[in-house]
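Working notes, structure below.
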Amino acid sequence: MTAAAELLANLSTSIQGGAIKVVDLTQTLTPTTPVIALPPEVGANSPPFSMIPVSNFDEKGPGWAWNEIRMGEHTGTHFDAPNHWHTGRTYPDGGPATIPADQLIAPACVIDCSDESAENPDFLMEVEHIKAWEEKHGKIPAKSWVLMRTDWSKRTDPDAFLNGGHTPGPSIEAAKFLAEERDVMGFGVETVGTDAGMAGMFDPPFPAHHFMHGNNRYGLASLTNLDKLPPKGAVIITPPLKIAGGSGSPLRVLALVAG
Ligand code: MN
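For the sequence shown, the working numbering gives the first residue as 224, with consecutive numbering after it.
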């Protein structure tokens with residue numbers, strides 16, 4: 224057996240045996256799944272999740288049930304592709320159908336901002352918070368995800384989750400630093416979007432989107448269970464639906480964690 228074949232066999236054995244745990248970082252999709260609410264002057268809004276039966280063991284299909292689903296691409300736990308943003312729109316490999324598959328399994332660094340976010344819903348993670356994490360855990364490796372833990376996913380009431388647009392996120396400098404100085408794979412959050420709720424008023428507006436996608440990097444929003452991940456060492460699996468011409472998609476995000 225080659226070393227790689229042995230590694231792969233050990234991986235599946237370790238997952239089945241529980242030595243490597245699988246942590247689900249995904250919200251459940253329901254009609255009340257919170258969707259970002261843009262002020263009308265900013266632009267159109269995206270439809271929430273809805274589902275109607277095609278058949279349900281009835282005259283339309285006596286032996287089977289299946290449904291038609293409708294939602295915006297950026298609903299619930301979802302992937303932001305570079306093509307989602309004006310700064311990333313021309314990357315030929317920047318759409319959900321064209322991102323190379325090997326970019327979709329990568330290590331994750333988790334920066335705990337839960338205390339700060341509980342104190343101040345408009346908390347901004349600064350470069351100094353990232354550097355404080357690096358003091359303890361070492362430099363963020365290139366092509367790692369950085370996940371901002373805020374415990375925001377514990378807000379199960381949709382209104383409390385959206386919080387009138389007052390939600391934490393990265394500062395302009397932190398978003399630029401992660402994309403340009405750390406060359407991360409992407410930036411993930413527990414809130415409805417990768418930017419802070421007030422980031423529409425920043426310069427540039429929505430800096431996580433601006434810098435991450437402008438550098439052909441990705442975003443993950445509405446993650447959950449980040450409190451179950453170690454600061455370093457988890458590997459996350461993040462394949463969006465392969466939508467031609469799309470800008471992202473809802474997805475299941477799984478983390479592999481040493482047990
Ligand atoms: Mn999005």
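All C-beta atoms, glycine included, are put in the ideal place defined by N, C-alpha and C. Note that this is a predicted model, so its numbers are computed, not measured.
Are there 16 or more other CB atoms within 10 angstroms of the CB of residue i, so buried, or fewer, so exposed?
i: Arg440; result: buried
i: Ser235; result: exposed
i: Phe280; result: exposed
i: Lys399; result: buried
Report yes if the C-beta of residue i is less than 7 angstroms from at least one heavy atom of the ligand MN; otherwise report no.
i: Ala288; result: no
i: Gly266; result: no
i: His297; result: yes
i: Ala324; result: no
i: His307; result: yes
i: Ala226; result: no
i: His301; result: yes
i: Ala457; result: no
i: Ala467; result: no
i: Gly416; result: yes
i: Ala419; result: no
i: Ala398; result: no
i: Gly471; result: yes
i: Gly442; result: yes
Shortest alpha-carbon distance to residue i belongs to which of the options?
i: Trp368; options: Gly442, Gly266 and Asp450; result: Gly442
i: Lys366; options: Ala397, Gln326, Asn290 and His389; result: Gln326
i: Ala324; options: His436, Ile363, Asn448 and Met408; result: Met408
i: Asp303; options: Thr310, Thr417 and Ala481; result: Thr417
i: Phe410; options: Glu264, Cys332 and Met421; result: Cys332
i: Ile395; options: Lys244, Thr379, Phe434 and Phe384; result: Phe434
i: Pro276; options: Pro270, Gly284 and Ser269; result: Gly284
i: Lys377; options: Ala431, Ala227 and Gln250; result: Gln250
i: Leu446; options: Thr461, His436, Lys455 and Gly456; result: Thr461
Quick one: grab the DSSP three-state call for residue i.
i: Val245; result: strand
i: Ile353; result: helix
i: Lys431; result: Correcting the residue identity first, residue 431 is Ala in this sequence and not Lys. Correct three-state label for Ala431: helix.
i: Gly483; result: Residue 483 falls outside the range modelled here, since the chain spans only 224 to 482, and no answer is possible.
i: Ala232; result: helix
i: Ser367; result: coil
i: Phe280; result: strand
Please tell me whether residue i and residue j are closer than 8 angstroms, where the distance is taken between their beta carbons.
i: Cys336; j: Thr298; result: no
i: Asn438; j: Ala402; result: yes
i: Leu248; j: Leu477; result: yes
i: His307; j: Ala444; result: no
i: Thr390; j: Ala419; result: yes
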